[in-house]
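Asks: Chains as they are written, first to last, in this note's numbering: chain A, 1125 to 1597; chain B, 1461 to 1566. Glycine is no exception: its CB is placed at the ideal position from the N, C-alpha and C atoms.
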Amino acid sequence: MRLALAAFSPSSDFVGACYILAFSLFIYGVSQGTHPTTARRGNLIAAAGMAVAVAITLSLDVIDNGILIVLGILIGTLVGGVASRRVQMTQMPQMVALYNGVGGGAAALISWAEFRHQLDLGGDIPLDVLIPVLFSLVVGSVSFWGSNIAFAKLQELISGRPIRFPGQHIINGILLVGILVGCIVLAASHDSQPSQALFIGVLIAAAVLGNLFVLPIGGADMPVVISLLNAFTGLAAAAAGFALDNVALIVAGTLVGSSGTILTLEMSRAMNRSVGNLLFAGFGAVATGPAAGGEERPVHSIGAQDAAIKLGYADSVVFVPGYGMAVAQAQHAVKELANELERHGVRVSYAIHPVAGRMPGHMNVLLAEADVPYEQLREMDEINPEMPQTDVAVVIGANDVTNPAAKDDPSSPIAGMPIIEVTQAHEVIVIKRSLSPGFAGIDNDLFYRDNTSMLFSDAKQAAAEIAAEVQEL
Amino acid sequence: MDLITEITIFVLAAFVGFEVISKVPTTLHTPLMSQTNAIHGIVMLGGLIVVGFADDTLEKTIGLIAIAFGTINIVGGFMVTDRMLGMFRRKPKPPAEPDAGASREG
């Protein structure tokens, strides 16, 4: 770090000022994210901040090997540009997981290069460089490999189910202790050529830990994992900033670290489970538990025509979409149905549970893509008090987030989880292929209530059929 | 810059981050996340610096990959966030033809 600083010399104040401008634009840009109308401009402002930061860094004296830089930027622009245009909105969680991963990977690689550089300088590495280097190495590497596993699970390259084996926690514990001991040994020998072999050993152990740490976490818990890895990558970038003495990296990385932390806490609150429980227990442990596949109970089954009559003559309808709706690609069909209902004077809104998708806020993006206006997207806490005045709640591809057992049955595995209280509405229509349980693997009492009607069908087909019937009314 | 100054910046940035980000509504959390993806692409600056002092093939390769990874974050992150935020509409459109939604470029 001393070297980089010395090389700034003549223009170092100017460079510093540019970095301050850059991170101010990041913070201002993010602060505009409170409403969709301002958020888009805020994103461009943050991007402008990034352009300033990159441009001023390229003008530094330490910059060399220009061909490699051009090549790297070219590859990155090409891959990032094409990916961002091609990605489907249903695939956003995978894309964010990958982006977390490459960010963490970059931070880990930079620490390795910085470590080698310091060895070349004589091997007396100041602790205020070595400690952030080690932090960035370990956290970046865990984030890279953990994100790859999260990506593979979301993309269904590997099973989304929790993958467990005996002694998993013990192995993870040993790895963690090994990494810490390795780091301490390296730090203790900081002034006398710390061993590069041990450094690489720590890198590999962190890579293995990253893999093992995400493998046992099930698909339904991915919103938390992605948020956490987002925070990790931010902190790894901030640590790289400490090592390289770069303010822009410290502030931007910390900003991302805060964001990831807030989202992690919010997601775990929405599942009513502690972060520790999510990461180390895994839902798989209770998933095959009670109630599923119990005795046959009578349900009230209806067809598209009955549903159309209930909906067409209602005053207010609330749609409760779940990830199943996105899987069936039914957003557009649901939006058409909503249009048809609005033409009949029905008030329509959408109740979005915080964990309705595969990442925080995912369902909102899927509905926005289908042209659902922002004002109709209602958060859980906002819509629940209105449920008793709602004529019909339509549950599409959602299950656990509407399960009244979360409120009523203290012994349920999801007891205490906040839910969309559809049972409070006058009537409930559940569009679902069958009575099969959701991710939590527990039976949903909602299906058997007196005011619940089941419409057994594919979500997309059902929405289209109901819309056609409403048109006839 | 001394360590204490850096830690001061870190702590203040954490408070600012918590303050600013807790105001972002749940509805916009996915674009927020892809935007923070772009912002942690700032590690690319680290890649630019290490590639400057890289003096063997390994270090050059490491630097190249770090720059490419960081640029993927920056370019991909900001572009996909822009694309997503462009989808959030304010007012309901006037009643559309049944196929209008499906024919939109996505």
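#1: For chain B, check one thing: does any of its Cβ atoms lie closer than 9 Å to the Cβ of A:Ile1386?
#2: According to DSSP, which residues form a beta bridge with A:Thr1576?
#3: Run through chain B and tell me which residues come within less than 9 Å of A:His1486, C-beta to C-beta.
#4: Between A:Asp1515 and chain B, is the shortest Cβ-Cβ distance under 9 Å, so that the two count as touching?
#5: What is the rounded straight-line gap between the Cα of A:Ala1177 and the Cα of B:Leu1505?
#6: Measuring only the C-alpha atoms, how far is A:Ser1351 from A:Arg1502?
#7: Name, please, each residue of chain B whose Cβ falls closer than 8 Å to the Cβ of A:Glu1510.
#8: Just confirm the distance between the C-beta atoms of A:Ala1232 and A:Ser1260, as a whole number of angstroms; I'd bet it's less than 8 Å.
#9: Can you find a CB in chain B that lies within less than 9 Å of the CB of A:Ala1587?
#10: Could you tell me whether any Cβ in chain C is nearer than 9 Å to the Cβ of A:Val1220?
#11: Going by beta-carbon coordinates alone, are B:Leu1508 and A:Thr1357 separated by less than 9 Å?
#12: Take A:Ile1295 as the anchor and find which of A:Leu1310, A:Ser1316, A:Phe1337 has the nearest alpha-carbon.
#13: Where does A:Glu1503 sit, in a helix, a strand or coil, going by DSSP?
#14: At what residue ranges does the segment 1191 to 1259 of chain A contain a whole run of the alpha helix (DSSP H), taking only runs of 4 or more?
#15: Does the beta carbon of A:Met1213 sit closer than 9 Å to a beta carbon anywhere in chain B?
#16: Among the candidates A:Ala1312, A:Phe1443, A:Gly1200, whose CA atom is the shortest distance from the CA of A:Asp1248?
#17: Rounded to the nearest angstrom, what separates A:Asn1568 and A:Val1423 at their Cα positions?
#18: Could you work out which residue in A:Asp1574, A:Ala1175, A:Ala1438, A:Leu1195 is closest to A:Arg1421 when comparing CA atoms only?
#19: Work out the CA separation of A:Ala1321 and A:His1486 for me, nearest whole Å.
#20: Along chain A, in chain order, which residues have C-beta atoms closer than 8 Å to that of B:Thr1486?
#21: Assuming A:Pro1217 and A:Leu1281 form a contact by the criterion Cβ under 8 Å, report the distance between their Cβ atoms to the nearest whole angstrom.
#22: Check each candidate in A:Glu1551, A:Val1552, A:Leu1570 and name the one with the smallest Cα separation from A:Ser1560.
#23: Which residues, taken in chain order from the segment 1428 to 1461 of chain A, show a beta carbon closer than 8 Å to some beta carbon of chain B?
#24: Using CA coordinates, which residue listed in A:His1314, A:Ile1341, A:Leu1258, A:Ala1588 is at the minimum distance from A:His1293?
#25: Residue range of the alpha helix (DSSP H) that A:Ala1170 falls in?
#26: Is there a Cβ of chain B sitting closer than 9 Å to that of A:Gly1153, yes or no?
#27: Chain B beta carbons: is any one of them nearer than 9 Å to that of A:Asp1495?
#28: Against A:Met1216, what residues of chain B qualify as contacts under a CB-to-CB distance less than 8 Å, listed in chain order?
#29: Tell me, to the nearest whole angstrom, how far the beta carbon of A:His1468 is from that of A:Val1552; I am working on the premise that it is less than 8 Å.
#30: Where does B:Ala1473 land, buried or exposed, given buried means 16+ other C-beta within 10 angstroms?
#31: Leaving out the 5 sequence neighbours to the left and right, which residues in its chain are closer than 7 Å to A:Asp1495 when beta-carbon positions are compared?
Replies: According to the structure shown:
#1: Taking the first residue of the first sequence as position 1, residue 1386 of chain A is located at position 262. Yes, A:Ile1386 counts as interfacial toward chain B.
#2: Translated into positions along the first sequence, residue 1576 of chain A becomes position 452. A:Thr1576 pairs with A:Val1552.
#3: As a working mapping, residue 1486 of chain A is identified with position 362 in the first sequence. Per Cβ cutoff of 9 Å: His1489, Thr1490.
#4: Position 391 of the first sequence, counting from 1, holds the residue named residue 1515 of chain A. By this cut-off, A:Asp1515 is not an interface position.
#5: Taking the first residue of the first sequence as position 1, residue 1177 of chain A is located at position 53. Taking the first residue of the second sequence as position 1, residue 1505 of chain B is located at position 45. Spanning the two alpha carbons is a distance of roughly 8 Å.
#6: On the first sequence, residue 1351 of chain A is found 227 positions in, with the first residue counted as 1. On the first sequence, residue 1502 of chain A is found 378 positions in, with the first residue counted as 1. The alpha-carbon atoms of A:Ser1351 and A:Arg1502 are separated by roughly 22 Å.
#7: As a working note, residue 1510 of chain A is residue 386 in the first sequence. Residues of chain B passing the Cβ test: none, with the nearest at roughly 17 Å.
#8: Stepping through the first sequence from its first residue, residue 1232 of chain A is reached at position 108. Stepping through the first sequence from its first residue, residue 1260 of chain A is reached at position 136. That belief holds up - the Cβ atoms of A:Ala1232 and A:Ser1260 are roughly 7 Å apart, short of 8 Å.
#9: Sequence index remark: in the first sequence, residue 1587 of chain A carries index 463 (1-based). Not an interface residue.
#10: Absent from the structure is chain C; the protein chains it does hold are A and B.
#11: Reading the second sequence from its first residue, position 48 is the one you call residue 1508 of chain B. Reading the first sequence from its first residue, position 233 is the one you call residue 1357 of chain A. No. Outside cutoff.
#12: As a working mapping, residue 1295 of chain A is identified with position 171 in the first sequence. Taking only the C-alpha atoms, the option nearest A:Ile1295 is A:Phe1337.
#13: Within the first sequence, residue 1503 of chain A is the residue found at index 379, counting from 1. The answer is strand: DSSP assigns A:Glu1503 an E or B state.
#14: 1216 to 1244
#15: Locating residue 1213 of chain A in the first sequence gives position 89, counting from the first residue. So, interface residue.
#16: Taking the first residue of the first sequence as 1, we reach residue 1248 of chain A at position 124. It is A:Ala1312.
#17: Sequence index remark: in the first sequence, residue 1568 of chain A carries index 444 (1-based). Sequence index remark: in the first sequence, residue 1423 of chain A carries index 299 (1-based). Each residue's alpha carbon lies about 12 Å from the other.
#18: For this step, residue 1421 of chain A is matched to residue 297 along the first sequence. The shortest Cα separation from A:Arg1421 among A:Asp1574, A:Ala1175, A:Ala1438, A:Leu1195 belongs to A:Asp1574.
#19: What you label residue 1486 of chain A is simply residue 362 of the first sequence in a count that begins at 1. What you label residue 1321 of chain A is simply residue 197 of the first sequence in a count that begins at 1. Between A:His1486 and A:Ala1321, the C-alpha separation is close to 43 Å.
#20: On the second sequence, residue 1486 of chain B is found 26 positions in, with the first residue counted as 1. Within chain A, the residues near B:Thr1486 are Glu1390, Ile1476, Pro1478, Pro1484, Gly1485, Asn1488, Glu1503.
#21: Translated into the one-based positions of the first sequence, residue 1217 of chain A becomes position 93. Translated into the one-based positions of the first sequence, residue 1281 of chain A becomes position 157. No, A:Pro1217 and A:Leu1281 are not in contact; Cβ-Cβ is about 14 Å, not under 8 Å.
#22: The count along the first sequence starts at 1 and reaches residue 1560 of chain A at position 436. Closest option to A:Ser1560, Cα to Cα, is A:Leu1570.
#23: His1456, Lys1459, Glu1460
#24: For the purposes of this step, residue 1293 of chain A is identified with residue 169 of the first sequence, where counting begins at 1. Residue A:Ile1341 is the option with its Cα nearest to A:His1293.
#25: For the purposes of this step, residue 1170 of chain A is taken as the residue at position 46 of the first sequence. Run containing A:Ala1170: 1160 to 1182, per the alpha helix (DSSP H) assignment.
#26: In the first sequence, counting from the first residue as 1, residue 1153 of chain A sits at position 29. Answer yes: the Cβ-Cβ gap between A:Gly1153 and chain B drops below 9 Å somewhere.
#27: Locating residue 1495 of chain A in the first sequence gives position 371, where the first residue counts as 1. It does; some Cβ of chain B falls within 9 Å.
#28: The residue labelled residue 1216 of chain A in the question sits at position 92 within the first sequence. The contacting residues are Thr1490, Ser1494, Val1540, Met1544.
#29: As a working mapping, residue 1468 of chain A is identified with position 344 in the first sequence. As a working mapping, residue 1552 of chain A is identified with position 428 in the first sequence. Not really, about 20 Å apart at Cβ, beyond 8 Å.
#30: Taking the first residue of the second sequence as 1, we reach residue 1473 of chain B at position 13. Per the 10 Å Cβ criterion, buried.
#31: By 1-based counting over the first sequence, the position of residue 1495 of chain A is 371. Contacts found: Lys1459.
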